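Student:
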Amino acid sequence: MTKKKALITGNIVPTLTYFNKKGHINGQACRLQAMHALNNGADALFVLGSTGEGTYLKELGDEYTIERIKLILVTYDAILDYSKNSDKSIGLIIGAYGEDAQSVVEDMNKILATIVSFIKDDFYTYPHITHKLWDIYLNPSNAKISTDSTIMRSIKTMIDGFVVPPPLKKTMNEDELLDFYLKILKKSEYPVYLYNNPKSFADNVISENVLKKLVKNEELTNLYGIKDSSVTIEQKKEYLQFLNEGFSVSCGKEGMIGLFLKQVPVGKRKLAGLVPSLGNMTSNPKIIYKLGLEGKDDQMMAAQDEMNSFRNLIYDATQSKGKAQRGVKFCFRYLYEDKIPEIPINVRTEFQREVSYDIHEQMIQTINNCIKKEYIKKVE
């Protein structure tokens, strides 16, 4: 089945979201975070995921739609900026949420429509997007279409898909979950990546049976893949039987990305993805992925073991929920205090918001060790 867009695979970094003291998006910090992830091997950026507190922003309602758009635009502007000096194509995928199928589709459409309006009203805030829009606008083939349509054409090239988990609060049985995704896929024209994360989304499990029915449905041309953040390798093995040129499978548990890649034949590993929070800070996930592509499994697993030995020293593991966000935000501020001296590093969701003071030195020492080993490449 021919896809309109390329699959999003490789090192897919779920970007963090930085807020100012009033709780609004800190665009400067978010843009620098995106550039840092790209500088350290990101093949794609995943905006408004659970790591990026996308569910929190969605729950705030319509008044925070603009905040979500700011985050998407500063990220895409960073991608365009980075791509000026690289021949690598960088993907951009976005989290979309809802308690029912119609709400998810409306969320997708609202994001796209608001981007059009926002760019028109604030055209010069994002210089690299503006440059691309002018290139499209001045193309003779677009001479007879409206400005809104021109911008929408650009947006459709900009967004490579939406990542859609099950409902956040409502637990569904297998038939209900199948119906949920069928309705979304039939109503949306955009590429969709499913997201299995029972612990975070009301114990909803996208079963092998549900996925099989979706993948085998030839009418669903916009189903592109699945991300799995469940705790077992067995669930990932079930999904991997559907891996092909038109359907990717990604691992969201960075502690087992090497083990995950070992389950995939070397020739098909380019179709698989990794979604590591640590990719916001270090290049280790990309190192593991490259070794996997080369079939160097012993070296890949050694690299995994090394990453596992220090990643929780970067994170604030004093409390499980939010440990990656708190830890990476603290380390990011340490790295870039000369560029952005006042980056609030609090996590906005309901779990612990501040990094525990007694582990500051441990985190700084770990970051400095990563810099010495060239696992971190700062944005100059």
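Sequence positions in the sequence shown follow our numbering and run 11 to 390. Ideal Cβ placement from N, Cα and C applies to all residues, glycine included. Since we're looking at a predicted model, the values are computed, not measured.
1) Compute the distance between the beta-carbons of A52 and I82, then report whether it is under 9 Å.
2) Take the Cβ of L148 as the centre, count every other Cβ of all protein chains shown within 10 Å, and call the residue buried at 16 or more, exposed below.
3) Pick out the complete alpha helix (DSSP H) segments inside the segment 326–352, 4 residues or longer, and give them in chain order.
4) Determine the DSSP secondary structure at P150, reduced to helix, strand or coil.
5) Do L271 and M317 have their beta-carbon atoms positioned less than 9 Å apart in this structure?
6) Which of helix, strand or coil does DSSP assign to D213?
7) Quick one: using the 10 Å Cβ neighbour count with 16 as the cut-off for buried, is Y28 buried or exposed?
8) What does the Cβ neighbour count give for D275, buried or exposed, with the cut at 16 atoms within 10 Å?
9) Might you give, ordered along the chain, the residues of its own chain that have their beta carbon closer than 7 Å to the beta carbon of L67, omitting 5 neighbours on each side?
10) Once the 5 residues before and after V365 are set aside, which same chain residues still bring their CB inside 6 Å of it?
11) Within the continuous alpha helix (DSSP H) that includes Y86, where are the two ends?
12) Can the beta-carbon of I377 be found less than 9 Å from the beta-carbon of Y346?
13) At 3 residues or longer, and completely inside the segment 224–273: list those beta strand (DSSP E) runs for me, N to C.
14) Output the boundary residues of the alpha helix (DSSP H) element that contains N294.
15) Could you check what DSSP says for I386 in three-state terms: helix, strand or coil?
16) Please report the distance separating the alpha-carbon of I236 from that of L221.
17) Verify whether the separation of the beta carbon atoms of A88 and R41 is less than 9 Å.
Tutor: The short version:
1) Their beta carbons are not under 9 Å apart, which means A52 does not touch I82 by this criterion.
2) Note that L148 has pLDDT 45, beneath the 50 cutoff, so the model's placement of it is unreliable and no number is given.
3) For the alpha helix (DSSP H) assignment, the uninterrupted runs of no fewer than 4 residues enclosed by the segment 326–352 are, from N- to C-terminal side, 333–346.
4) Because the pLDDT of P150 is 48, which lies under 50, any placement of that residue in the model is unreliable, and the question is left without a value.
5) Going by C-beta atoms, M317 is not nearer than 9 Å to L271.
6) Judged by DSSP in its simplified three-state form, D213 adopts coil rather than helix or strand.
7) Buried, since its Cβ has 16 or more Cβ neighbours within 10 Å.
8) Residue 275 is actually Pro in this sequence, not Asp. Sixteen is the threshold: since fewer than 16 other Cβ atoms of the shown chains lie within 10 Å of the Cβ of P275, the residue is exposed.
9) Closer than 7 Å at Cβ, skipping near neighbours: L58, Y74, E77, R78.
10) In its chain, beyond the 5 residues on either side, D326, R336, F340 have a beta carbon closer than 6 Å to the beta carbon of V365.
11) Unbroken alpha helix (DSSP H) run through Y86: 75–93.
12) Their beta carbons are not under 9 Å apart, which means I377 does not touch Y346 by this criterion.
13) The beta strand (DSSP E) runs of length 3 or more contained entirely in the segment 224–273 are, from start to end of the chain, 233–238, 258–261.
14) Element bounds for N294: 294–303.
15) DSSP places I386 in coil when its eight states are reduced to three.
16) When the Cα atoms are used, I236 and L221 turn out to be separated by approximately 9 Å.
17) For A88 and R41, yes; Cβs fall inside 9 Å.
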